[in-house]
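If you read the sequences in order, they're chains A and B. 149 is the number that numbering that gives the first Met the number 0 gives to position 150 of the first sequence; each next residue is one higher, with no gaps. 183 is the number that numbering that gives the first Met the number 0 gives to position 184 of the second sequence; each next residue is one higher, with no gaps. Think of the CB as a built atom: it goes at the ideal place given N, C-alpha and C, for glycine as much as any other residue. Following: one structure in structure tokens, then a few remarks.
2 protein chains.
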Amino acid sequence: MSPKLSDERKERRRQQILEAAKRVFAEKGFGAATLKDIIEEAGMSRGWIYLYYPTKEEIFEALLDHQDADHERYLAGLEASSTSVWELISASYSMRLNEWASSSDRGLMPAFYEYFLVGWRDEARRELLRRRYEKGIVQFAELLQTGIDRGEFNPVLGVLDISRLAASFQEGIVTHTYAVGAAKANSPMQIEALLDYLKSLLRPATDSRRPSREETL
Amino acid sequence: MSPKLSDERKERRRQQILEAAKRVFAEKGFGAATLKDIIEEAGMSRGWIYLYYPTKEEIFEALLDHQDADHERYLAGLEASSTSVWELISASYSMRLNEWASSSDRGLMPAFYEYFLVGWRDEARRELLRRRYEKGIVQFAELLQTGIDRGEFNPVLGVLDISRLAASFQEGIVTHTYAVGAAKANSPMQIEALLDYLKSLLRPATDSRRPSREETL
DNA sequence: CCACAAAATGAACTTCGTGTCATTTTGAGT
DNA sequence: ACTCAAAATGACACGAAGTTCATTTTGTGG
Numbered sequence: 000m001s002p003k004l005s006d007e008r009k010e011r012r013r014q015q016i017l018e019a020a021k022r023v024f025a026e027k028g029f030g031a032a033t034l035k036d037i038i039e040e041a042g043m044s045r046g047w048i049y050l051y052y053p054t055k056e057e058i059f060e061a062l063l064d065h066q067d068a069d070h071e072r073y074l075a076g077l078e079a080s081s082t083s084v085w086e087l088i089s090a091s092y093s094m095r096l097n098e099w100a101s102s103s104d105r106g107l108m109p110a111f112y113e114y115f116l117v118g119w120r121d122e123a124r125r126e127l128l129r130r131r132y133e134k135g136i137v138q139f140a141e142l143l144q145t146g147i148d149r150g151e152f153n154p155v156l157g158v159l160d161i162s163r164l165a166a167s168f169q170e171g172i173v174t175h176t177y178a179v180g181a182a183k184a185n186s187p188m189q190i191e192a193l194l195d196y197l198k199s200l201l202r203p204a205t206d207s208r209r210p211s212r213e214e215t216l
Numbered sequence: 000m001s002p003k004l005s006d007e008r009k010e011r012r013r014q015q016i017l018e019a020a021k022r023v024f025a026e027k028g029f030g031a032a033t034l035k036d037i038i039e040e041a042g043m044s045r046g047w048i049y050l051y052y053p054t055k056e057e058i059f060e061a062l063l064d065h066q067d068a069d070h071e072r073y074l075a076g077l078e079a080s081s082t083s084v085w086e087l088i089s090a091s092y093s094m095r096l097n098e099w100a101s102s103s104d105r106g107l108m109p110a111f112y113e114y115f116l117v118g119w120r121d122e123a124r125r126e127l128l129r130r131r132y133e134k135g136i137v138q139f140a141e142l143l144q145t146g147i148d149r150g151e152f153n154p155v156l157g158v159l160d161i162s163r164l165a166a167s168f169q170e171g172i173v174t175h176t177y178a179v180g181a182a183k184a185n186s187p188m189q190i191e192a193l194l195d196y197l198k199s200l201l202r203p204a205t206d207s208r209r210p211s212r213e214e215t216l
């Protein structure tokens with residue numbers, strides 16, 4: 000009979016490629032990385048990769064899917080165990096930002112945003128990207144609204160447009176993380192400061208600690 | 000005597016290149032654009048451009064410088080004629096965002112961010128980019144502080160970290176503009192909504208209009 | 001341990017952008 | 001109108017990445 004390779008072996012191969020790709024993308028960014036780089040990083044031969052991933056884009060999408068799945072799993076667990084909305088928000092951001100901040104993944108974030116930026120020009124990919132983009136905003140807005148409804152956050156927030164507050168913070172995080180994240184290992188990600196700021200915005204009545212300027216730039 | 004070309008003619012040539020480059024970058028983005036594209040768009044010959052701009056990066060920097068100079072001029076005029084801090088802030092953002100939103104420049108913005116994103120990896124260019132990045136934040140933070148000191152904004156803002164508020168909004172604008180800006184002509188830039196949100200954040204006591212959710216997403 | 005099909009290889013080909021340079025064109029000064 | 005150096009041209013060489021494919025290797029069923 001034909002000695003069909005076991006699926007698990009195929010899976011191992013794909014995994015091998017993805018791990019190599021992750022390193023390459025983190026180091027060079029999306030545009031500058033080439034299939035050649037990835038193949039060599041994985042220690043494989045030139046034409047080989049076409050049997051699995053024919054384009055850079057497909058490899059990247061696969062990476063994104065992995066990342067998303069991990070994060071979903073984490074969030075689900077978190078939601079079950081959290082006692083307050085703020086705890087959920089802060090743990091979620093901490094987790095994601097710490098993940099990005101880890102030295103091995105540091106360069107990956109700019110690569111992600113680069114990919115989004117270029118992809119937006121491509122009619123075919125735009126919808127996919129838009130969905131991913133808005134999902135985070137909507138989720139966050141819902142959390143904020145829940146917090147307000149429960150009386151956990153300052154009722155003054157009622158005058159604000161919650162969707163836009165969510166969008167603004169989420170969008171701010173994006174720029175902040177890629178800018179600081181790409182800036183080098185010697186620029187800390189300032190996760191605490193970011194969360195402090197958000198907390199002071201949401202709960203000014205109960206938490207009035209004001210960070211000094213030096214502490215935050 | 001040697002027929003030295005007049006400086007103004009040289010200047011016209013440079014201008015010609017920059018205009019062609021602007022169109023090409025807007026259409027293709029930074030990474031995908033090639034010197035070849037730019038030369039052809041400008042209607043010139045292959046080896047020609049190296050006499051003026053040897054690399055894509057230099058052309059792009061020149062474009063940035065033009066843009067900056069224009070904006071500085073505008074701001075200076077504005078500062079002289081504005082009667083309140085809020086007026087200054089809102090006019091400044093409106094101007095810049097409207098400029099970006101104009102159809103001819105629409106694609107330029109993603110190209111700018113793409114350039115930044117890639118440039119950040121390059122040790123040599125990082126300092127330049129970082130300066131440009133922080134400049135806007137610092138300027139905005141100063142405006143906010145002035146507004147608070149003058150009693151123009153809600154004193155409740157005192158509990159917030161102003162530097163971070165400025166950074167957060169400025170950083171949010173970046174992501175918002177590239178995301179929406181790149182998303183297509185049919186997605187309006189929502190400048191009014193953004194400014195409304197900022198206004199409600201700064202002046203909740205005096206302006207309590209709350210935009211509906213439909214209006215803002 | 002043999003056969004054989006799938007998996008893997010890497011040389012070779014194609015394509016494309018960059019950069020060079022010998023040659024032609026242009027235009028200010030005489 | 002003529003001269004000559006600067007400006008402009010575009011054919012060409014080069015390198016790097018993508019892609020193909022004939023050949024070799026691998027490993028399971030018989």
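With DSSP collapsed to three states, give me the class of residue i.
i	result
A:Met-94	helix
A:Gln-189	coil
A:Pro-109	helix
A:Ala-41	coil
A:Arg-130	helix
B:Asp-104	coil
A:Trp-119	coil
A:Glu-57	helix
A:Arg-124	helix
A:Arg-149	coil
B:Leu-142	helix
B:Arg-224	Chain B is shown only over 0 to 216; residue 224 of chain B falls outside these bounds and no answer can be derived.
B:Phe-24	helix
A:Phe-168	helix
A:Thr-176	helix
B:Ser-81	coil
Give the single residue among the options whose Cα lies nearest to the Cα of residue i.
i	options	result
B:Arg-217	B:Asp-67, B:Thr-54, B:Met-108, B:Lys-198	Residue 217 of chain B lies beyond the stretch modelled for chain B, which goes from 0 to 216, so this question has no answer here.
A:Ser-103	A:Glu-10, A:Val-117, A:Ile-16, A:Arg-22	A:Arg-22
B:Glu-78	B:Ala-123, B:Glu-113, B:Gln-138, B:Lys-55	B:Gln-138
B:Arg-13	B:Ala-31, B:Lys-27, B:Glu-57	B:Glu-57
A:Lys-198	A:Ala-32, A:Ser-44, A:Leu-143, A:Ala-61	A:Leu-143
B:Ala-178	B:Val-155, B:Ala-32, B:Met-108	B:Met-108
A:Ala-90	A:Ser-101, A:Gly-106, A:His-70	A:His-70
B:Tyr-52	B:Gln-15, B:Tyr-73, B:Glu-113	B:Gln-15
B:Lys-35	B:Lys-134, B:Tyr-73, B:Ser-44	B:Ser-44
B:Lys-55	B:Ile-88, B:Ser-162, B:Arg-125, B:Ala-31	B:Ala-31
A:Ser-83	A:Ile-147, A:Phe-111, A:Tyr-196	A:Ile-147
B:Ala-41	B:Arg-11, B:Tyr-92, B:Ala-19	B:Ala-19
B:Phe-111	A:Leu-116, A:Phe-111, A:Ser-101	A:Leu-116
A:Asp-61	A:Leu-17, A:Glu-133, A:Glu-151, A:Ile-190	According to the sequence provided, residue 61 of chain A is Ala. The question's Asp does not apply to it. When only C-alpha atoms are compared, the closest one is A:Leu-17.
B:Glu-191	B:Ser-81, B:Gly-118, B:Tyr-92, B:Glu-141	B:Tyr-92
Decide if residue i is buried, meaning its Cβ has at least 16 other Cβ atoms within 10 Å, or exposed.
i	result
B:Leu-50	exposed
A:Ser-167	buried
B:Leu-156	buried
A:Arg-149	exposed
A:Glu-113	buried
B:His-175	buried
A:Glu-170	buried
B:Phe-24	buried
B:Trp-47	exposed
A:Ser-101	exposed
Determine whether the Cβ of residue i lies closer than 8 angstroms to any Cβ atom of chain B.
i	result
A:Phe-59	no
A:Asp-121	no
A:Leu-159	yes
A:Tyr-92	no
A:Gly-171	yes
A:Phe-168	yes
A:Ala-32	no
A:Ser-89	no
A:Val-117	yes
A:Arg-163	yes
A:Gly-146	no
A:Ala-100	no
A:Ala-25	no
Quick one: does residue i have its CB under 8 angstroms from some CB of chain A?
i	result
B:Pro-154	no
B:Gly-135	no
B:Ser-207	Bear in mind that a pLDDT of 42 at B:Ser-207, under 50, signals an unreliable position, so the model cannot answer this.
B:Ala-20	no
B:Ser-199	yes
B:Glu-113	yes
B:Ala-178	yes
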